[in-house]
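To start, the structure itself, in structure tokens.
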Amino acid sequence: MDLESIPGVGEKTARALSELDDPEQALRAGDVATIASAPGITQGRAARIARGAIRREHDDPGGFLATDRAREIYREVLSLLKERTVTAYAAQRVETFYPSPRRSRIEEIQTFSREAISREADPAVLEALEGVEPLRTPGDVRVRERCLATTDAERYSAAREAIPELSVEVVEDAQGLAELARGYSTVIALDESFAGVTVEGDVQVRPDALESPAEIVPERPLAFFARNRDRITAAIDVHRTAGLTDEVECDLDALEDGLSRLEPDGTVAGDDELDRLTVAADDLDAAVGTAETVANDHLRDAIREEDVTIEGSDLLSLVERGAGVDSLLSRELADEFAAAVAAAREHLIDSLDLDAGEAELARRIFGDEPTFPVERDEDAAARLREELTAAKERRAGKLKRELAADLADQRDGARELVRGALELDVELAIARFAEDFGCTMPEFVWDADGGGSGGGDDATDANTGFTIEAGRSPLLDEPLEAIDPVDYEVSGVALLSGVNSGGKTSLLDLTASVVVLAHMGLPVPAERAALRRFDDLHYHAKTQGTLDAGAFESTVREFADLAQGGEGSLVLVDELESITEPGASAKIIAGILEALHENGATAVFVSHLADEIREMAGFAVTVDGIEAVGLVEGELEVNRSPVKNHLARSTPELIVEKLATEATEANANNTVRANGGTETVSEPQFYDRLLEKFE
335 MDLESIPGVG EKTARALSEL DDPEQALRAG DVATIASAPG ITQGRAARIA RGAIRREHDD
395 PGGFLATDRA REIYREVLSL LKERTVTAYA AQRVETFYPS PRRSRIEEIQ TFSREAISRE
455 ADPAVLEALE GVEPLRTPGD VRVRERCLAT TDAERYSAAR EAIPELSVEV VEDAQGLAEL
515 ARGYSTVIAL DESFAGVTVE GDVQVRPDAL ESPAEIVPER PLAFFARNRD RITAAIDVHR
575 TAGLTDEVEC DLDALEDGLS RLEPDGTVAG DDELDRLTVA ADDLDAAVGT AETVANDHLR
635 DAIREEDVTI EGSDLLSLVE RGAGVDSLLS RELADEFAAA VAAAREHLID SLDLDAGEAE
695 LARRIFGDEP TFPVERDEDA AARLREELTA AKERRAGKLK RELAADLADQ RDGARELVRG
755 ALELDVELAI ARFAEDFGCT MPEFVWDADG GGSGGGDDAT DANTGFTIEA GRSPLLDEPL
815 EAIDPVDYEV SGVALLSGVN SGGKTSLLDL TASVVVLAHM GLPVPAERAA LRRFDDLHYH
875 AKTQGTLDAG AFESTVREFA DLAQGGEGSL VLVDELESIT EPGASAKIIA GILEALHENG
935 ATAVFVSHLA DEIREMAGFA VTVDGIEAVG LVEGELEVNR SPVKNHLARS TPELIVEKLA
995 TEATEANANN TVRANGGTET VSEPQFYDRL LEKFE
């Protein structure tokens, strides 16, 4: 795949995407998390890139949402889906769903949606999802006590690329290797020529090191798992709570056990020997100081209690030899000094919990030669410190390698585990949307070319429009149970009449929502829906007031372009007559409908001028009506489902009819003056005369 051929991807972004392990797979799958892990790409940008890649994959020209109102409908239904996601990833992943005219894309998402609506949105699963986030790749792992060494310049470059966590040094011979060993705890020689060379220090000859970086730098996989431990643990919880453990390939128990042995900083947890060595190395100086105090306190107490008698000849001899208190201690308090040193040694060994070999080094810190005060041997203390540190590093290295070996093979499984949890969030959002709005999967009646993926056996009359049974608009700010279900079917071009506040605009919104969601491959808010594949959706909302000449001209031009290429289009228009004078509006709308009819488009025009338009149209345009049943306590009672081939009565007609009925029933004797003249008529006759005008 040529990454730069994806809409919105330039040279710089293509370079960033190329750093992914498998950018093509991530782009085809719409894997926002993986795309966003590329350098400098945010999740929002990743969603846009994914949409571009999907369009390219399905040869989708875009532009399905042809008007502002159509785009508003898309954003509104999309926001309803996003509101039902838990993770930020799922909210961005939903952004990759868009209405497409391509059959291959629609069916791809339909397969995903059918699986999704079979899921049950368990509250416990939704709670567990709150801890799941896309995995992060640590890019700051550096190991300073180890290095790689080679005599070859090409191998040097390969080593730097394969194992960037370690320094790579170029040496000429064994002497150079020995010099490195004095500065690093471990030197790993990459050249076979160093085999058999004896060098002081920890030098390992590993010609195969670049083939198994996890063995050389166990910190790499450990850092990955340490940084993502909480996210992976949350994903494990999601799969267990949702009962999806059979759908994962990795061993959840083994993965969980490995994570439990890992500290947040990437070190190994739960090893008593490593803990002992770590404490001993860290507390050595303090323990030695305390041991000195133990010894000196012991000697002070002994000196205070001891009566020492020195004959004059002995004192003279000591003075002549220049002897000091040490000689006096050696002669008079030898046993007490030995006891003090023994106490110091015992305290040091016990407080640091040293083993036999370490204890032998510890004893050398306090010598046998009597002195006061008792002082440590710094060289001996340094040797013990080096031994403890080396033992700690050896132990930590061994544990790291063992744990890294256990976890390294789980890395891909952990990625799939987290990705599966995040995708489950997307599925549950669709399932919750379908449940909340009473949705079902729509039936497509494919046209001859199948929407770009080949047609054939399922080719049907291209004039098929849409059928909605028991549809409820998700855009109404009402509980689902409070919304009247609507049935509506259109094939070709239709005018929709009806009373004010009867639900005509809501029906257009419902139709647009069903069509948009269906072309996204998602469930639609109806008990049943069937529709043709549309190339684009033109939804023109009601304008506020008459347009000026320029705006009117622009609107007419737009319909002129649509009329020329309208086959495969769905056109929804709400009271276009408001753009200009009523008389002219009826003529213009009739002409537009004629052109759409001739081009095989599907259209619904809401209009209060349906009767006038029908008379002016050059074909038998269908007029459907949302019929008001009557007025109940001053409120309209409406049958929200349009009656086919029926011109609905207007609200004024219903009101006049109501007044006429009431007047007749009351047998009123009141008179009214008509037309400013002197003739009077009874009140029922007046209302009857008005009603005749509606016939």
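With this note's numbering applied, the sequence shown has no gaps in its numbers, which climb one by one up to 1029 at the end. Cβ atoms here follow ideal geometry from the backbone N, Cα and C, with glycine treated the same way.
Do you know how far the Cα of residue j is from the Cα of residue i?
i	j	result
ARG418	ASP355	31 angstroms
ARG698	ILE566	49 angstroms
VAL827	LEU906	10 angstroms
ALA576	ASP542	43 angstroms
GLY623	ARG494	44 angstroms
CYS773	PRO555	45 angstroms
GLU499	PHE700	41 angstroms
VAL779	ASP1022	49 angstroms
THR914	ARG470	58 angstroms
ARG478	ARG379	36 angstroms
GLY396	ILE388	11 angstroms
ASP759	CYS584	20 angstroms
ALA492	ARG480	17 angstroms
ALA768	THR936	27 angstroms
ALA367	ARG437	26 angstroms
ILE947	VAL411	33 angstroms
GLU694	THR723	16 angstroms
ALA725	PRO468	37 angstroms
ARG745	GLN377	22 angstroms
GLU513	VAL475	25 angstroms
LEU415	ASP740	40 angstroms
GLU761	HIS853	17 angstroms
LEU871	GLY805	19 angstroms
ASP617	GLU626	14 angstroms
Does DSSP classify residue i as helix, strand or coil?
i	result
ALA804	strand
GLY790	In this prediction, GLY790 has a pLDDT of 34, which is less than 50 and means its spatial position is unreliable; what the coordinates show is noted afterwards. Looking at GLY790 - three-state DSSP - the assignment turns out to be coil, as it is neither helix nor strand.
ARG866	strand
GLN426	helix
ARG480	strand
GLY832	strand
GLU961	coil
GLN744	coil
ALA523	strand
GLU583	coil
PHE559	helix
ASP591	helix
TYR432	coil
GLY656	Residue placement at GLY656 cannot be trusted, given a pLDDT of 47 that sits under 50; the coordinates are not used to answer.
ASP619	helix
ASP1050	Residue coverage of the chain in this structure runs from 335 to 1029, which leaves residue 1050 outside it and unanswerable.
ASP635	helix
Drop a sphere of 10 angstroms on the beta-carbon of residue i, count the other beta-carbons inside from all chains shown, and report buried for 16 or more, exposed for fewer.
i	result
THR347	buried
PRO373	exposed
PHE953	exposed
SER847	buried
ASP507	exposed
SER888	exposed
ARG634	exposed
ARG891	exposed
ASP869	buried
ARG448	exposed
ASP1035	In the structure as shown, the chain begins at 335 and stops at 1029. Residue 1035 is therefore absent and cannot be evaluated.
VAL963	exposed
ALA571	Note that residue 571 is Asp in the sequence shown, not Ala. Looking at its Cβ environment, which holds 16 or more other Cβ atoms inside 10 Å, ASP571 is buried.
GLY342	exposed
SER840	buried
Identify the residues that DSSP records as bridge partners of residue i: which are they?
i	result
GLU503	ALA483
SER903	ASP870
LEU399	LEU871
LEU596	VAL602
THR774	VAL858
VAL977	GLY959
GLU823	THR801
THR839	Note: THR839 sits in no beta bridge, so no partner.
Exercise. Is there contact between the segment 895-907 and the segment 411-424, where contact requires at least three CB pairs shorter than 8 angstroms?
Worked result: no
Exercise. Would you call the segment 596-609 and the segment 720-739 in contact, with 3 or more CB pairs under 8 angstroms?
Worked result: yes
Exercise. Hey, is the segment 524-535 in contact with the segment 479-487, meaning 3+ C-beta pairs nearer than 8 angstroms?
Worked result: yes
Exercise. Does the segment 910-929 come close enough to the segment 938-953 to have 3 or more Cβ pairs within less than 8 angstroms?
Worked result: yes
Exercise. Does the segment 744-753 touch the segment 810-828, meaning 3 or more C-beta pairs lie closer than 8 angstroms?
Worked result: no
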